[in-house]
Amino acid sequence: MATQPDDGTDPDTTPAQSGQSGQSRQSRQSRHPTTNTEYLIAHLGERLAGGDLAELGMRIESRGDSVHITGTASTAHDREAILRLAAEELPGIAVRADIALADVTAPDHPEDLS
Amino acid sequence: MIRVAAVGDIHLGPDSRGLLRPAFETLHRQADLLLLAGDLTRHGTPEEARVVADEVAGLPVPVIAVLGNHDHHAERPDDVTDVLRSAGVTVLEGEGTVVEVDGVRVGVAGTKGFGGGFAGRSGSEFGEPEMKAFVRHTRGLADGLRGALDGLAADGCAVRIALTHFSPVPDTLVGEPLEIYPFLGSYLLAEAVDESGADLAVHGHAHLGTEHGITSGGVRVRNVAQPVIRRAFAVYGLPVDGSPTTATSAA
Chain A
1 MATQPDDGTD
11 PDTTPAQSGQ
21 SGQSRQSRQS
31 RHPTTNTEYL
41 IAHLGERLAG
51 GDLAELGMRI
61 ESRGDSVHIT
71 GTASTAHDRE
81 AILRLAAEEL
91 PGIAVRADIA
101 LADVTAPDHP
111 EDLS
Chain B
115 MIRVAAVGDI
125 HLGPDSRGLL
135 RPAFETLHRQ
145 ADLLLLAGDL
155 TRHGTPEEAR
165 VVADEVAGLP
175 VPVIAVLGNH
185 DHHAERPDDV
195 TDVLRSAGVT
205 VLEGEGTVVE
215 VDGVRVGVAG
225 TKGFGGGFAG
235 RSGSEFGEPE
245 MKAFVRHTRG
255 LADGLRGALD
265 GLAADGCAVR
275 IALTHFSPVP
285 DTLVGEPLEI
295 YPFLGSYLLA
305 EAVDESGADL
315 AVHGHAHLGT
325 EHGITSGGVR
335 VRNVAQPVIR
345 RAFAVYGLPV
355 DGSPTTATSA
365 A
């Protein structure tokens, strides 16, 4: 389910340019030589889960010529990290991100379960 | 009325220290207890657990937790549990605990739970050892939940709550891809809740899911994963009728 960012910004559209060095990009491509978007999306999901972010809550889907990422990040720093990894794992593919930030305010009313 | 605050999937690490504390410090005004529905850390390290412990230490309401899959990732769940307990958190796995609220005995039974899927669309204890172990793990944890709920009934609790990380029902998964439902919960948890009876079942785990659900036996279910409730915690008001809940009255 798509969610709107809590901070009022428009969903990001990031033309994916690799932030990696040529060396690390080459070694990654030799391990994962595919250009198949479906597999690239799967690799991104594995990398988000296995890295420092331990992020398993993003929905990553192919939409036309782009990849759409939706979910909720704990912090703005995490959201930036997710977008950076997406750019690295999806070279040359437009990434449309709609990642909300977690709301850490107290609720203003209870739900009465009577 | 018993006021139950609950949140799961807060995924705290060193860079999120202090994030939830301001909201938690308002708890005494709006809740009688706080439930933490697992995935409290990112990788399940004691260092991350210390961040969680500091976030809830000294709160004026009892704090009761179960661990989630993230809290097991570093394969140090006992260490995570010890750190949380050192801050006064009651950590449950196949156990129950009782808190008294204005003379009312409120019982919470907890387990992490696990996956396997939902009735008619679930895995079975069949085939490879890995598959059998997967389903047996869920069944064992569901049995623990059932035993804990039964124990709370025998202990005279007027209100009983089932606290899990994985979901007992598919209702609260709506929004997640259907294909991953078997990794998000199991009907075995709901069956335990319905057989033993409860006033409320609370879980997390499904970030893209839905807050409201109900078991087939009529027990209300709430997915309190923080991305779902979109607050630091949710609060549910449970009525007290003075008689212990039974499976029959819950259904």
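Protein sequences appear in the order of chains A and B.
Mind the numbering: the first sequence is residues 1 to 114 in our numbering, read in order.
Mind the numbering: the second sequence is residues 115 to 365 in our numbering, read in order.
Every residue, glycine too, gets a C-beta built ideally from N, C-alpha and C.
On the DSSP letters alone, give me the boundaries of the beta strand (DSSP E) that residue i sits inside.
| i | result |
| --- | --- |
| Tyr-350 (chain B) | 348–352 |
| Arg-117 (chain B) | 116–121 |
| Leu-149 (chain B) | 147–151 |
| Val-95 (chain A) | 94–101 |
| Ala-179 (chain B) | 177–180 |
| Ala-73 (chain A) | 66–73 |
| Ile-124 (chain B) | Unbroken run through Ile-124 (chain B): none, as it is neither H nor E. |
| Arg-63 (chain A) | 59–63 |
Identify the continuous alpha helix (DSSP H) that holds residue i and give its terminal residues.
| i | result |
| --- | --- |
| His-43 (chain A) | 37–50 |
| His-80 (chain B) | Since the displayed chain B opens at 115 and closes at 365, residue 80 (chain B) lies outside it and no answer follows. |
| His-77 (chain A) | 76–89 |
| Arg-164 (chain B) | 160–170 |
| Ala-137 (chain B) | 135–138 |
Taking C-beta to C-beta, are residue i and residue j nearer than 8 Å?
| i | j | result |
| --- | --- | --- |
| Asp-285 (chain B) | Ile-343 (chain B) | no |
| Leu-181 (chain B) | Val-197 (chain B) | no |
| Ile-82 (chain A) | Ala-73 (chain A) | yes |
| Val-215 (chain B) | Asp-146 (chain B) | yes |
| Val-398 (chain B) | Ala-304 (chain B) | Lying before the first or after the last residue shown, residue 398 (chain B) is absent from chain B, which here runs from 115 to 365. |
| Leu-298 (chain B) | Glu-290 (chain B) | yes |
| Val-212 (chain B) | Cys-271 (chain B) | yes |
| Ala-188 (chain B) | Leu-150 (chain B) | no |
| Thr-34 (chain A) | Ile-93 (chain A) | no |
| Ala-41 (chain A) | Met-58 (chain A) | Checking the sequence, you will find Ile at residue 41 (chain A) rather than Ala. Result no, Cβ atoms of Ile-41 (chain A) and Met-58 (chain A) do not sit closer than 8 Å. |
| Gly-127 (chain B) | Gly-210 (chain B) | no |
| Val-316 (chain B) | Val-338 (chain B) | yes |
| Gly-258 (chain B) | Glu-207 (chain B) | yes |
| Gly-158 (chain B) | Asp-185 (chain B) | yes |
| Arg-219 (chain B) | Ala-54 (chain A) | no |
| Ala-86 (chain A) | Ala-137 (chain B) | no |
| Arg-345 (chain B) | Ala-120 (chain B) | no |
| Gly-319 (chain B) | Gly-71 (chain A) | Correcting the residue type first, residue 319 (chain B) is His in the shown sequence and not Gly. No. |
| Leu-263 (chain B) | Gly-311 (chain B) | yes |
| Glu-80 (chain A) | Leu-44 (chain A) | no |
| Ser-236 (chain B) | Ser-300 (chain B) | yes |
| Leu-113 (chain A) | Leu-148 (chain B) | no |
| Pro-110 (chain A) | Arg-117 (chain B) | yes |
| Val-288 (chain B) | Gly-323 (chain B) | yes |
| Met-115 (chain B) | Val-307 (chain B) | no |
Quiz item: Mind pulling the beta strand (DSSP E) runs of 3 or more residues that sit fully within the region 312–350 of chain B?
Solution: For the region 312–350 of chain B, whole beta strand (DSSP E) runs of length 3 or above, ordered along the chain, are 314–317, 326–328, 334–337.
Exercise. Spell out a yes or no on whether the region 247–266 of chain B and the region 222–233 of chain B are touching, meaning 3 or more CB-CB pairs, one atom from each, closer than 8 Å.
Key: yes
Exercise. Could you pull out every unbroken beta strand (DSSP E) segment of at least 3 residues lying fully inside the region 201–269 of chain B, listed in chain order?
Key: At a cut-off of 3 residues, the continuous stretches assigned as beta strand (DSSP E) that sit fully inside the region 201–269 of chain B are 209–215, 218–225.
Exercise. Check each residue of the region 175–188 of chain B: if its Cβ is closer than 9 Å to any Cβ of chain A, include it; give the result in chain order.
Key: Asn-183, His-184, His-187
Quiz item: Should the region 212–226 of chain B be called in touch with the region 264–281 of chain B, which here means at least 3 C-beta pairs below 8 Å?
Solution: yes
Quiz item: Should the region 289–296 of chain B be regarded as contacting the region 160–171 of chain B, the criterion being three or more beta carbon pairs within less than 8 Å?
Solution: As far as the Cβ criterion goes, the region 289–296 of chain B does not touch the region 160–171 of chain B, which means the pair count is below three.
Quiz item: Taking three-plus beta-carbon pairs below 8 Å as touching, is the region 315–331 of chain B in contact with the region 97–110 of chain A?
Solution: Counting Cβ pairs under 8 Å, fewer than three are found: no touch.
Self-check item: Inter-stretch contact (C-beta, 8 Å, three-pair minimum) for the region 199–208 of chain B and the region 130–145 of chain B
Solution: no
Self-check item: Any 3 or more C-beta pairs closer than 8 Å across the region 44–55 of chain A and the region 100–112 of chain A
Solution: no
Practice problem: Tell me, please, whether the region 344–355 of chain B touches the region 138–157 of chain B by the rule of three or more beta-carbon pairs shorter than 8 Å. | Solution: Three or more beta-carbon pairs separated by less than 8 Å link the region 344–355 of chain B to the region 138–157 of chain B, which places the two stretches in contact.
Quiz item: Of the residues that make up the region 286–310 of chain B, which ones have a beta carbon closer than 9 Å to any beta carbon in chain A?
Solution: Val-288, Gly-289, Glu-290, Pro-291
Self-check item: Length at least 3, wholly inside the region 268–315 of chain B: the beta strand (DSSP E) runs in chain order
Solution: Along the region 268–315 of chain B, the beta strand (DSSP E) occurs as fully enclosed runs of 3 or more residues at 273–278, listed in sequence order.
Self-check item: Residues, ordered as in the chain, of the region 62–80 of chain A that lie near chain B by beta-carbon distance below 7 Å
Solution: Gly-71, Thr-72, Ser-74, Thr-75, His-77
Quiz item: Looking at chain B, which residues of the region 86–109 of chain A have a Cβ within less than 7 Å of any of its Cβ atoms?
Solution: Ala-102, Asp-103, Val-104, Thr-105, Ala-106, Pro-107
Exercise. Return the residues of the region 122–134 of chain B that lie within a Cβ-Cβ distance of less than 9 Å from chain A, sorted by chain order.
Key: Asp-123, Ile-124, His-125, Leu-126, Gly-127, Asp-129, Ser-130, Leu-133, Leu-134
Practice problem: Output, in sequence order along the chain, the residues in the region 210–243 of chain B whose CB is closer than 9 Å to any CB in chain A. | Solution: none
Quiz item: the region 37–65 of chain A: which residues have C-beta closer than 7 Å to a C-beta of chain B, in chain order?
Solution: Ala-54, Gly-57, Arg-59
Practice problem: Could you list the residues in the region 328–349 of chain B with a C-beta less than 9 Å from some C-beta on chain A, going in chain order? | Solution: Arg-334, Arg-336, Ala-339, Gln-340, Pro-341, Val-342, Ile-343, Arg-344, Arg-345, Ala-346, Phe-347, Ala-348, Val-349
Practice problem: Mind checking the region 249–277 of chain B against chain A and listing, in chain order, the residues whose C-beta falls within less than 8 Å of any C-beta there? | Solution: none
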